[in-house]
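Numbering (the working numbering), first residue to last: 236 to 534.
No residue lacks a Cβ here, since even glycine has one placed at the ideal position from N, Cα and C.
Since the structure is predicted, the reported quantities are computational estimates derived from the model, not experimental observations.
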Amino acid sequence: MRAIGVTEWLGETLSSAAVPFALVTQLGDLWFLTVVVGLLYWLGRSTPRIGAGVDRERTATVVALLFGTVALLTTLKPLFGLARPPDAGVAPQAALVPAALEGVYAWLATGDGFGFPSGHALGTTVVFGGLAWAVRAGPLRRRVALAAGLVALVSLSRLALGVHYLVDVLAGAGLGLAYLLVVVGVLGTPRRAFGLATAVAVVGLPIVGPHPELVATVGLCVGGTAAWLVAGDRLLALSDTRRSGVLATLLGLAVAGPALAVTGLLASSVPLALAGGLVGGVVIVAAPLSGHGLTKKSA
Numbered sequence: 236m237r238a239i240g241v242t243e244w245l246g247e248t249l250s251s252a253a254v255p256f257a258l259v260t261q262l263g264d265l266w267f268l269t270v271v272v273g274l275l276y277w278l279g280r281s282t283p284r285i286g287a288g289v290d291r292e293r294t295a296t297v298v299a300l301l302f303g304t305v306a307l308l309t310t311l312k313p314l315f316g317l318a319r320p321p322d323a324g325v326a327p328q329a330a331l332v333p334a335a336l337e338g339v340y341a342w343l344a345t346g347d348g349f350g351f352p353s354g355h356a357l358g359t360t361v362v363f364g365g366l367a368w369a370v371r372a373g374p375l376r377r378r379v380a381l382a383a384g385l386v387a388l389v390s391l392s393r394l395a396l397g398v399h400y401l402v403d404v405l406a407g408a409g410l411g412l413a414y415l416l417v418v419v420g421v422l423g424t425p426r427r428a429f430g431l432a433t434a435v436a437v438v439g440l441p442i443v444g445p446h447p448e449l450v451a452t453v454g455l456c457v458g459g460t461a462a463w464l465v466a467g468d469r470l471l472a473l474s475d476t477r478r479s480g481v482l483a484t485l486l487g488l489a490v491a492g493p494a495l496a497v498t499g500l501l502a503s504s505v506p507l508a509l510a511g512g513l514v515g516g517v518v519i520v521a522a523p524l525s526g527h528g529l530t531k532k533s534a
C-alpha cells in the first residue's frame with residue numbers, strides 16, 4: 236500500500252549517486268544529530284563563528300527536541316510495525332566501493348527495523364528546524380531555507396538508497412514539523428520541552444511494551460528532565476568561556492557517549508538500558524555546569 240513506485244524509480248534514476256547519498260544520509264542519523272546539538276549546547280557562546288547567536292535556554296530546548304525525537308521514534312515505529320522496502324538491507328551499487336570498505340558502506344547505505352515513519356526525515360525536521368529557530372546567526376529566512384534544504388536532501392537520500400517509501404518520509408517530516416511547532420510555538424521553555432519528551436516516552440511504555448530501546452529512551456528523557464529541573468537556573472546563569480565549553484564537551488563526549496553506546500550494544504538488557512539512558516541524559520544536560528566548575532578549580 237505504501238509502495239507507489241517512487242523509491243524504485245529514484246533508486247534506478249540516481250543509482251550512480253548511491254555512494255554520495257550514503258554519506259549525505261548520515262546528516263540525519265541520530266549519532267550526527269546528537270553530536271551537533273551537544274556541541275552547540277556545551278560550547279554555548281564560545282561556539283566558533285556563531286557563538287554570539289547561541290543562547291543556552293534555546294539550545295537546551297533543542298536538546299529536549301532531540302530527546303523528544305528519540306521518544307517519538309521508539310514509540311511510533313513499533314506501534315505501526317510497518318516494514319521497509321524489500322531491498323532495504325542490501326547496499327546499492329556496492330561494486331563501486333573498495334572491498335576493504337564494503338562493511339562500512341553497507342552500514343552507511345542500508346536500513347533495518349521498522350520503516351514508518353522515517354526517523355531521518357523526522358529527526359532532521361525537528362533538529363535542523365529547532366536549530367534554525369535557536370541559533371540567531373544570520374537572517375531567519377536564510378536559516379529556515381538551510382534547514383529545509385537539509386531535510387529535503389536527507390529525505391531524498393533515504394529514497395534513493397531504497398530504505399524508505401515516500402509515505403514514510405512524508406509522514407516523518409510532517410510529524411516532525413508538528414512536534415517542532417508544538418514545542419517552539421506553544422511550550423517555549425526547556426522545562427516544558429523536556430517534560431513533553433518524557434511524557435511521550437513514558438506513555439509509549441504501556442502502548443508498545445517495555446522494549447529496551449524505549450526503556451533507554453525513558454531513562455534518557457527522565458535523566459535530562461531531572462537534570463534541568465535541578466540545575467536549569469544555574470545552567471542559564473553560566474558565563475561561557477572557551478575553556479569551560481571545551482571541558483563540558485570533553486565530559487559530554489567521554490561519559491554520555493560511551494553510556495549511550497553501551498546501551499545500544501547491550502540492547503537486550505532492560506535494566507542496563509534504563510541505567511545507560513539515565514546517565515546519558517543527566518550528563519548531556521549537566522555537562523556545562525561541570526565544565527564551569529572544573530574551570531574554576533583549575534583557575
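Exposure label - residue i; buried when at least 16 CB within 10 Å
i    : result
S503 : exposed
R376 : exposed
R469 : exposed
R291 : buried
S353 : buried
S390 : buried
T484 : buried
K312 : buried
T248 : exposed
V421 : exposed
G516 : buried
C-beta contact flag for residue i and residue j at 8 Å
i    : j    : result
V505 : P447 : yes
L415 : G365 : yes
G480 : L278 : yes
G288 : V370 : yes
G303 : A406 : no
V453 : V443 : no
L336 : V305 : no
G348 : D403 : no
T260 : H399 : no
Beta-carbon proximity list for residue i, same chain, < 6 Å, skipping 5 on both sides
i    : result
A295 : P425
A367 : R378, V379 and A382
T309 : E448, L449 and T452
Nonlocal neighbours in the same chain, by C-beta distance under 7 Å from residue i, ignoring five residues either side
i    : result
F363 : A382, L385 and V386
L301 : L268, T269, V272 and V362
Residues near residue i in its chain [Cβ-Cβ closer than 8 Å; skip 5 each side]
i    : result
A257 : A326, Y340, L343, A344, S392 and L396
F315 : F349, F351 and P352
is_contact[residue i, chain B] using C-beta, thresh 8 Å
i    : result
V362 : This model lacks chain B altogether; it includes just one protein chain.
Tell me, please, whether the stretch 271-287 touches the stretch 318-334 by the rule of three or more beta-carbon pairs shorter than 8 Å.
no
Touching or not, the stretch 443-463 and the stretch 509-516, by the rule of three or more beta carbon pairs under 8 Å?
yes
| Below 8 Å, can you find three or more Cβ-Cβ pairs linking the stretch 461-471 to the stretch 252-267? | no
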